[in-house]
Amino acid sequence: MTTSTNVVPVYSRRTTLRLAAAALAAPFVIPALPSAEPKPVTPVATSGRWERRVVLVELRGGNDGLNTVVPIGDRAYYKARPRLAIPEASALRVGQIPFGLHPALAPFQAAWTEGDLAFVHGLGYANPNRSHFRGIDIWNQATDAERLGSDGWLARVLRDSGPPPSDLLAEGIIVGYGSTVAYGGFGPLQGSERVLAFDSPEDLIRRAKILAPAGERSGPPALARLESARDGIIRAATALETLAKRSKIGAGFPNTGFGRQCAQAARLICAEAQVPFYKLTLDGFDTHAGQLDRHRQLLSDLAGGLSALRAACIQAKVWDRVVVATYGEFGRRLAENDSLGTDHGTSSVHAVLGGKVKGGMYGRHPDLTRLQDEDPVFTTDYRCLYQSLASDWWGWKGRFATAAPVRGLGLIRA
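Listed below in structure tokens is the structure:
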């Protein structure tokens, strides 16, 4: 009798389900994770880029920048929007400049007054694309409109950032997994191998507890990647559980989906989790109809959530190590439509805030009397904002591949 040596292992249903759960629990690869107890974080002045934090907020759907930072002295704005324009008397005044903020942004007033809130006008790019899916790909990848990329701009920056600290928990965390990953993948972190995506640390911890113990090997090499992912999930969950117990953040945040995202990010930042990048998402900005009420609520959610995050970071004495920036796939058209909304446009305005941000208005506001395909023409390449975050804040030495060179906006204090 002969015996074959090519034996194919048989896996129990439990083992198969556990490994499948690992793949579903968090679609990421983390080659090595630290122990559960994070090391203390030292001030940014002595510890370098890896102690700095960037929080990116995607305004999904395309925010109406003109009704966010209102050009109160511009007759063309009021003529194009007889029913949707924010009245000059209602706009929040921000000094002697000819702009006001949407009244729903009142929670931002403290940051503006204290000089750590900036707005960048006219952000866009040549030959703009008005598709949600293609538009967000362009902004996530920092490419020209005609170029198809594969990796997110943050993933490329991280690859050029040198060796990470030994206690790095993850290069980035995407808070609010569900539709976020389904819509745009890992966004600017696409291509990074050390990304966590979850709704909350407790969500990841709960999922990890159904998995087999880390290090257990029960399959052939074909399952090695799943087993490695499982081990990464368990180690990450263990570290997050320690951090979650340490953090007392939560009170003072709006009881909304976005408010909870801000609270989760603040918990980890204030607990000194070694994670440099965070991505949050506020959905609903595709305001084709009934914009007045919807947009007011969205901006209220945005300002309320980010102002609470700011307050928590100030209290924890980490605000000087944090920069928050919004972005989105496009803006809205100048003219209102017949449904009391606005349609897909091109350029928009975005906010930047942080303890080291030089507050004020940046970029040049588009001329609303000179339109291209019914849209204001962009005045500031959107990658100038990214260059500020990557170079002026993070210390990246590279440049984005653009037809014309882009520079930072000078909105970061030394």
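Each number in the numbering used here corresponds to the 1-based position in the sequence shown with 883 added.
The beta-carbon is built from N, C-alpha and C at its ideal position, and this holds for glycine as well.
Given the structure is predicted, the values throughout are model-derived calculations rather than measurements.
query, result
"Could you give the distance in angstroms between the alpha-carbon of PRO1071 and the alpha-carbon of LEU1037?", "5 Å"
"Among ALA1009, THR951, ALA1001, PRO970, which has the Cα closest to the Cα of ALA1286?", "ALA1009"
"State the DSSP-derived secondary structure class of ILE913, mapped to helix, strand or coil.", "In this prediction, ILE913 scores a pLDDT of 41, lower than 50, which makes its location untrustworthy; the coordinate-derived value is nonetheless stated afterwards. DSSP places ILE913 in coil when its eight states are reduced to three."
"Distance check for THR1262 and VAL1232, CA to CA, integer angstroms please.", "11 Å"
"At which residues does the beta strand (DSSP E) containing LYS962 begin and terminate?", "Per DSSP, LYS962 belongs to no beta strand (DSSP E); it is in the alpha helix (DSSP H), 958-963."
"Could you check which residue in ALA994, THR996, LEU1000, PRO970 has the C-alpha nearest to that of PRO986?", "PRO970"
"By the DSSP assignment, the beta strand (DSSP E) with ILE1056 in it spans what residues?", "1055-1058"
"Measure the C-alpha to C-alpha separation of ASP1258 and GLN1144 and round it to an integer number of angstroms.", "33 Å"
"Using only the alpha-carbon positions, how far apart do LEU916 and THR1209 sit?", "Below a pLDDT of 50, predicted positions are generally treated as unreliable, and LEU916, at 37, falls in that range; no measurement from the model is reported."
"Looking only at its chain, what residues have a beta carbon closer than 7 Å to the beta carbon of ARG935, apart from the 5 residues adjacent to it on each side?", "VAL927, PRO1159, ARG1204, TRP1276, TRP1277"
"With DSSP as the reference, please indicate the residues paired to ILE1295 in a beta bridge.", "VAL1240"
"Can you tell me whether DSSP reads LYS1162 as helix, strand or coil?", "strand"
"For ASN1023 versus GLN1073, is the C-beta distance shorter than 9 Å?", "yes"
"Determine which residues share a DSSP beta bridge with PHE1081 and list them.", "VAL1058"
"If you pair each beta-carbon of the segment 961-977 with each one of the segment 1186-1199, do three or more pairs fall below 8 Å?", "no"
"Along the chain, where does the alpha helix (DSSP H) containing PHE1069 start, and where does it finish?", "Neither: PHE1069 is in no alpha helix (DSSP H) and is coded neither H nor E."
"Tell me TYR1245's beta-bridge partners as DSSP assigns them.", "VAL1003"
"Mind checking whether the beta-carbon of TYR1269 lies closer than 8 Å to any heavy atom of the ligand HEM?", "Ligands displayed in this structure: none; no statement on the ligand HEM is therefore possible."
"Quick check on VAL1135: does DSSP put it in helix, strand or coil?", "It should be pointed out that residue 1135 corresponds to Gly in this sequence rather than to Val. Strand at GLY1135."
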